[in-house]
Amino acid sequence: MTAATSVLVPYASYLRVYEPLAAFPEPERSHWSRYARSGRTPTAQDELRRSLADLLPTPPVPVPVHESADAFVTEDDGVVRICPWRTRLRGWLALEELTGLFPPLVLDAVLPPVVRGQAAADYEAWRERNPDARPWIRTAVWQVPVRWFVLFADDEREYEPGEVPGVPPVLRYRTPMVQARRRLARALKTLRDRIEEGPLTEGLVDVGRWLEEFHPRSLVELDYGGLVHALSPDRLAEDRSAADVAAGIAALREGDGEAAGAAYGRLTDRWRAVRDRQFAN
C-alpha cells in the first residue's frame, strides 16, 4: 500500500464539468449537499492513490467494486457545483481504450484476459441498468487534446506557479457552460466551412454531444493535472495554448491560411515535446 500512496499524479490532463446541485435528482442531491457542507477537499491525486492500491492485489482489481461517493466541489456567487468522480464508470471506459495503447503481451501481463473479461461483463450488465450514465470527467494522457482548448479563452487561464515547497503548480481554465458551447459551435462551423472533415472536427462533435448532457448553468474546467510536471516552469508560465487555438480558428475564419498555420505550428511544437517524453528513459 505504501508504494501506491507515494506515487505522484500521472502525466494526465482533465476536462471536468461541475453541475449545480439542482441538476441532481434526489436522493443524490441531498448527498452532494451534505458532502459540500462537510468541507471535504479530495484531490485527483487521492483518487489516483486509491486506484493504484486496487492494482496491487493478485489478481488486480481494474475497476472499483463500488462507485465512488466523492466529488470535486466549487462555489461561485453562492452557487455550489459538483463534479462527481464516478471512478468506477471511468475505469470501465478506460479499460475499453487499453487495447489501443499497449501491445497484447504487455496488456495481458498487467491485466490478465480473464480479469478484463469479467470487468467487461460487469460493465455490460451495469450499462443495461444505467443506460443514460455519463462521466463528469474526461482524461487524456501526455497531452491536452486540441479540441479541449476550443472551449476556453485566454483570459480564463489561471496559473499558480507553486512557489511553496511541496505545492505543485496549477494551470487550468474555467468557463460557463454557455460560453463553452458557443465557442465550440463557432469553431465547428469555421472548420466545416474552411477545411475537410477530419479528426479535429470529429473530436469537437464528440465533445459537443458530451456537453449537451449537462445543466446549462454548469461550469467547464480544463486542468493540466500531472502535465505540470512534464513542462519546465518557464514553459508552463509561457503556455498560451488556448490563445493559439483561438488565433488559429480566427485566422481560418478570415481565410488567412498562413496565420492559421503559424498558430497550429506553435501548438504542435509545444505538445510534441511533451508527448515525446512518454518514450524517454
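Residue numbers for the sequence shown follow the working numbering, so the first one is 133 and each next one is one higher. From the three backbone atoms N, C-alpha and C, an ideal C-beta is built for every residue, glycine too.
- For R404, the uninterrupted alpha helix (DSSP H) run begins and ends at G389 to D408, by DSSP.
- Per the coordinates, the alpha-carbon of E329 lies some 13 Å from the alpha-carbon of D338.
- Contact between the segment 198-216 and the segment 224-243 is absent: fewer than 3 CB-CB pairs across the two stretches fall below 8 Å.
- A contact is defined here as three or more CB-CB pairs under 8 Å, and the segment 214-227 meets this definition with respect to the segment 141-161.
- A176 is classed as buried because its beta carbon has at least 16 other beta carbons within 10 Å across all chains shown.
- Within the same chain, E151, P152, A154, A155 and M309 come within 8 Å of H347 by CB-CB distance, once the 5 residues on both sides are set aside.
- Residue state for Y356 is assigned as coil, using DSSP reduced to three classes.
- Taking the Cβ atoms as the reference, A312 lies roughly 4 Å from V352, within the contact range of under 8 Å.
- Cβ atoms of L336 and V406 stay farther apart than 8 Å, at about 22 Å.
- Apart from the 5 residues on each side of it in sequence, P301 sits with its Cβ closer than 8 Å to the Cβ of Y291, E292, P293, G294, V360, P365 and L368 in its chain, given in chain order.
- The Cβ-Cβ distance between R266 and T322 does not fall below 9 Å.
- The beta carbon of W403 lies closer than 6 Å to those of Q275 in the same chain, with the five residues before and after it left out.
- Only exposed fits G393, as fewer than 16 other CB atoms lie within 10 angstroms of its CB.
- DSSP, read as helix, strand or coil, puts Y143 in coil.
- Pairing T173 with V205 gives a Cβ-Cβ distance under 9 Å.
- Within its own chain, no residue has a Cβ closer than 6 Å to the Cβ of D178 once the five positions on either side in sequence are excluded.
- DSSP places V377 inside the alpha helix (DSSP H), whose first and last residues are S373 to R385.
- The Cβ-Cβ distance between L147 and D355 falls below 9 Å.
- About 11 Å separates the beta carbons of T333 and R326, which is beyond the 8 Å limit, so they are not a contact pair.
- Taking all protein chains shown into account, S170 has fewer than 16 neighbouring C-beta atoms within 10 Å of its C-beta and is therefore exposed.
- When E199, E207, F284 and G387 are compared, the shortest CA-CA separation from G223 is found for E199.
- A direct Cα-Cα distance of roughly 38 Å separates G397 from L243.
- By the Cβ neighbour-count rule, V278 is buried, with 16 or more other Cβ atoms within 10 Å of its own.
- Annotated three-state conformation of E228 is helix, per DSSP.
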